[in-house]
Amino acid sequence: MVWFGSLAAAWVFASLALRRHAYYESTAYDFGFFDQIIWNTSRGRWLETSFVDYNFLGQHVEPVLLIFAGFYRLGGGPETLLVIQAALVALAAVPLFYATRRLTDMPVVGVGVAIAYLVSPALHRALDFDFHPELLAPFFLFVGLYFLSAKRPLVAILAVAPVLLLKEDMALVALMFGALVWMRGGRAPGSALAGFAVLWGLSTVFIIMPLVRGGGSDLNERFAYLFSDTSFATVGPVAVSRGASNLATETLPSLLNLLASGGWVAILSPAILLALPSAVLNGLSDHRQQSRLDLQYGVASFSLLFAATALAIGDIAHSRGPIRVVVTPKRAALAAYIATTFVVASAVVSFVLSSPYSLRTARPAPDPAHREVIGAAIRRIPKEASVSAQNTLLPHLSQRQFIFEFPNVPPRVEWVIVDTTLPITQQATGEGYDRVLRELTAWGFAEVFSQDGVRVFSRESDQ
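Going by this note's numbering, the first residue of the sequence shown is number 4, and it counts up by one from there.
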């Protein structure tokens, strides 16, 4: 049942992701960004990108992209990223089932927790924002949880260790899992994973990335508000005050929503504390989606909360831990079934109310005729030319050495493509979308295609 559900979910997740891309809903940041980096790497330009002024290694440390570059060498493309991500996200329900079954000795409970994971709106919101390597973390985490429940701590930490390849901040997930292994008796393996995670996190964030980029980045600026307009004497209290305010107003409500979508069962296990460091770190950012644990930013906390949920139901089923005060051995099985019912019911209600995959969610898209026009316009642009493209057009042109998001039109750009009927981001508007569009002819561009709001420009010397 779980295998069938996971495979069905993989098909649904992949189909919706491919539809989103085909309907010109995928975005420049971060899908076009990743596509260009992986494509460049597959062509021998290791982790190069034109989105920032330095190598991608200065922005994030994500060695897993090298594996995806291998798929690109075999003929893969952006669709490959979406399909692999959808498959691993969905298949994570399988080790979660086996882990929960072993923790509870109750297969039905394992099925319920796996279903709740698959229908969770937090997971769907992350999937509906194109491709991000950290979405693969639940698979490795739940495999590790299974081996931990099987009392094989060494194999458990080896199963979780690959999360360090996904992104530098996944070091927190590895650290917290190491702490969990330590708490459950695997002192040496848990300490080893936690220690290596700390070393890896510090090395990537404070040594590798700053050296590559040669200074600060836009990601650092998300935390600058904590220290701006302060002195040596006031920096501590001010930073604490501002951070606490952001956590209380932005992060806490989102964390409560994550707990509510799991029926609040995670609070019955001390393991819930393991989800807090990642939530706090993201919560201190002034980037709205990040501080609200939305999209890919909530994956770490979400995954650890599900692990805590499985562990909590395991404690209920065996009347152990703090829960034994209220759940006697005679009522343990019934209590475990009730807790699982809460988890599944809460996840289903949350799915209906807030999942982007719910039937309640409208998904407007360009009609087939307009998509044909966009396709014809894209085909006018030479494959090797440097391009400035509007947000949702860019991921269809990103497999080239130089690509920029319009209205960024540096001197090296040879072609420009926009679609005034597609959504225009507030950032693009603020950076002068309309003004730049008007000034293209003065900059030496000639309009070579115009139909149904889709416009293509080429520098006159390139026509």
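For glycine and all other residues, C-beta sits at the position ideal for the given N, C-alpha and C.
Taking DSSP as the reference, what is the three-state secondary structure of residue i?
i	result
Val-92	helix
Trp-14	helix
Asp-38	helix
Ser-194	helix
Val-330	coil
Glu-28	coil
Ser-234	coil
Arg-458	strand
Ser-453	strand
In whole angstroms, what is the alpha-carbon distance linking residue i and residue j?
i	j	result
Glu-463	Glu-450	9 Å
Ser-294	Glu-253	6 Å
Leu-168	Glu-65	6 Å
Gln-292	Asn-223	15 Å
Met-212	Val-457	39 Å
Thr-2	Arg-105	Not covered by the structure: residue 2. The range shown for the chain is 4 to 466.
Ala-25	Pro-367	13 Å
Leu-77	Ala-313	39 Å
Ile-485	Leu-126	No answer is possible for residue 485: it lies beyond the span of the chain, which begins at 4 and ends at 466.
Asp-370	Asp-422	14 Å
Leu-337	Leu-397	54 Å
Gly-35	Thr-424	20 Å
With distances taken Cα to Cα, identify the nearest neighbour of residue i among the options.
i	options	result
Asp-232	Ser-220, Asp-221 and Arg-245	Arg-245
Arg-128	Leu-169, Val-15 and Leu-298	Leu-298
Arg-403	Ser-9, Val-5, Arg-48 and Ala-13	Arg-48
Leu-229	Asp-289, Phe-199 and Gly-217	Asp-289
Tyr-3	Ala-20, Gly-317, Leu-99 and Asp-108	Examination of residue 3 is not possible in this model, given that the chain is present from 4 through 466 alone.
Val-439	Pro-413, Gly-239, Phe-305 and Phe-74	Pro-413
Leu-144	Tyr-101, Pro-124, Asp-131 and Phe-132	Tyr-101
Leu-10	Ile-270, Ile-381, Val-97 and Asn-43	Val-97
Leu-1	Ala-174, Ala-12, Leu-175 and Val-146	This structure leaves residue 1 out entirely; the chain is present only between 4 and 466.
Let's test the definition: count the other Cβ atoms within 10 Å of the Cβ of residue i and tell me whether it reaches 16, buried, or not, exposed.
i	result
Gln-466	Confidence is the limiting factor: at Gln-466 the pLDDT is only 49, short of 50, which leaves the residue's position unreliable and the question unanswerable from this model.
Val-111	exposed
Ala-90	buried
Lys-154	exposed
Phe-409	buried
Ala-335	buried
Ile-406	buried
Ile-420	buried
Asp-318	buried
Asp-33	buried
Notebook entry, point to check: Unbroken alpha helix (DSSP H) runs of length 4 or more, entirely within the segment 93-161: which are they?
Noted result: Within the segment 93-161, the complete alpha helix (DSSP H) runs of at least 4 residues are 96-107, 110-121, 124-130 and 140-152.
Margin query: Which complete beta strand (DSSP E) runs does the segment 354-442 hold, if anything under 3 residues is left out?
Written below: Runs of the beta strand (DSSP E) inside the segment 354-442: 390-392, 406-408 and 418-422.
Item checked: Runs of alpha helix (DSSP H) lying entirely within the segment 49-78, each at least 4 residues, in chain order -> 67-76
Check: Which whole runs of the alpha helix (DSSP H) in the segment 229-287 are 4 residues long or more, in chain order?
Finding: 238-249, 255-264 and 279-286
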